[in-house]
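Residue numbering for the sequence shown follows my numbering, beginning at 1238 and increasing consecutively. So the structure is just underneath, and the comments pick up after that.
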Amino acid sequence: MPEWWTHFFDEDDYALFLGEPVSPERTRSEAKGIASLVGLQDGNWVLDVGCGTGRHCVAFQEIGIRATELDLSAQMLANALKADSVRPGGPRHFICRGSALSIPFLAGVFDAVTFLYTSFGFCEHEADNTTWLAEMRRVLRPSGQCVIDLANRFREPFTQHTVRHAGSRSLVIDKCLDIERGRVRVRWRVYTGRLCDRDVSLHWRAYTPWELAATMGRAGLVSHHVSMATTTAHRSRRTRQG
Ligand SMILES: C[S@@+](CC[C@H](N)C(=O)[O-])C[C@H]1O[C@@H](n2cnc3c(N)ncnc32)[C@H](O)[C@@H]1O
């Protein structure tokens, strides 16, 4: 059976209930922060893996960085294109559909690769998460860097019951942390009136910084900056032999 993340983001209700997760101002400030963290300059190329609706790429381009959006979900990319058609300043450089497990670009072409707002750690088996990072490392140029932004295992309120409404539809999210396996487990139920249309189980890795550093190491990356603000942002470089 295919893993949940291969189809989950293609359903309308993700965009309907969650939409743009934070304000455009915050997205802009995140893009600026990332550019300064990894020393990006005008004209550098960034690949945003699991870009969703491409909000960070728009913000990168506003500060002169060339951004390429990669996402597996046709629905997410369709929403990105729709937003593009009404945005002043015209279309973005590249929007590409493909999987992080087999990135459709040549080796060594990007100055930086980003995984933002928890776009990593979905695979059930850690070996696949390592492959995901190894692919990212392959497309980085030799001194390139990556930024991984994940929910903070020590600060995120993982035990949560949330209800959201959109017109006649409601979303009920039940979330908990499986400490033994280091995974967040979520039950996502969508109702039209009192009828449950969709009942999905999702799960992803909630890494501690050292667990993530170990997975990075297996992919040939060295972690050299960890920020534990509201999220865990890891910056890493390719190893010299990579
Ligand atoms: C939580 S959303 C984050 C979206 C975006 N980074 C943001 O900040 O709004 C995760 C994204 O990862 C994408 N994704 C999941 N698995 C993927 C894969 N194997 N390859 C590429 N993208 C993937 C999903 O389609 C979804 O758009």
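All C-beta atoms, glycine included, are put in the ideal place defined by N, C-alpha and C.
Inter-residue Cα distance where the pair is residue i and residue j
i: Y1428; j: G1381; result: 45 Å
i: R1406; j: L1439; result: 20 Å
i: R1303; j: V1350; result: 12 Å
i: I1410; j: R1426; result: 7 Å
i: R1375; j: V1423; result: 32 Å
i: C1360; j: F1395; result: 19 Å
i: M1238; j: S1322; result: 36 Å
i: G1256; j: R1392; result: 23 Å
i: H1462; j: R1265; result: 21 Å
Paired residues, beta bridge with residue i - DSSP
i: W1441; result: V1421
i: L1284; result: T1305, V1350
i: I1332; result: E1306
i: T1355; result: Answer by DSSP bridge pairing: none, since T1355 is not bridged.
i: Y1428; result: S1407, C1433
i: I1271; result: None; I1271 has no bridge partner.
i: S1482; result: An answer regarding residue 1482 cannot be provided, because it is not within the stretch 1238 to 1479 covered by the chain.
Contact test: residue i Cβ vs ligand 1 heavy atom, cutoff 7 Å
i: R1420; result: no
i: P1258; result: yes
i: G1287; result: yes
i: H1362; result: no
i: S1310; result: yes
i: F1331; result: no
i: M1313; result: yes
i: H1293; result: yes
i: A1320; result: no
i: S1336; result: yes
i: L1353; result: yes
i: S1438; result: no
i: L1370; result: no
i: L1307; result: yes
Integer-rounded CB distance, given that residue j should sit under 8 Å from residue i
i: F1484; j: L1408; result: Lying outside 1238 to 1479, the shown extent of the chain, residue 1484 is not represented and no answer is given.
i: F1246; j: S1336; result: No, F1246 and S1336 are not in contact; Cβ-Cβ is about 12 Å, not under 8 Å.
i: E1306; j: C1288; result: 4 Å
i: R1378; j: F1347; result: 7 Å
Residue i: CB within 7 Å of a non-hydrogen atom of ligand 2
i: G1404; result: As far as ligands go, the structure on display features ligand 1 and does not contain ligand 2.
Interface flag, residue i vs chain D, CB-CB below 8 Å
i: P1261; result: Note that chain D does not occur in the displayed structure, where there is just one protein chain.
Check your understanding: Is the stretch 1290-1301 close to the stretch 1254-1265, with three or more CB pairs under 8 Å?
Key -> With a cut-off of 8 Å, the stretch 1254-1265 and the stretch 1290-1301 count as touching, because enough Cβ pairs lie within range.
**Study point:** the stretch 1363-1373 / the stretch 1394-1403 touching (three or more Cβ pairs under 8 Å)
**Key:** no
Check your understanding: If you pair each beta-carbon of the stretch 1283-1291 with each one of the stretch 1342-1349, do three or more pairs fall below 8 Å?
Key -> yes
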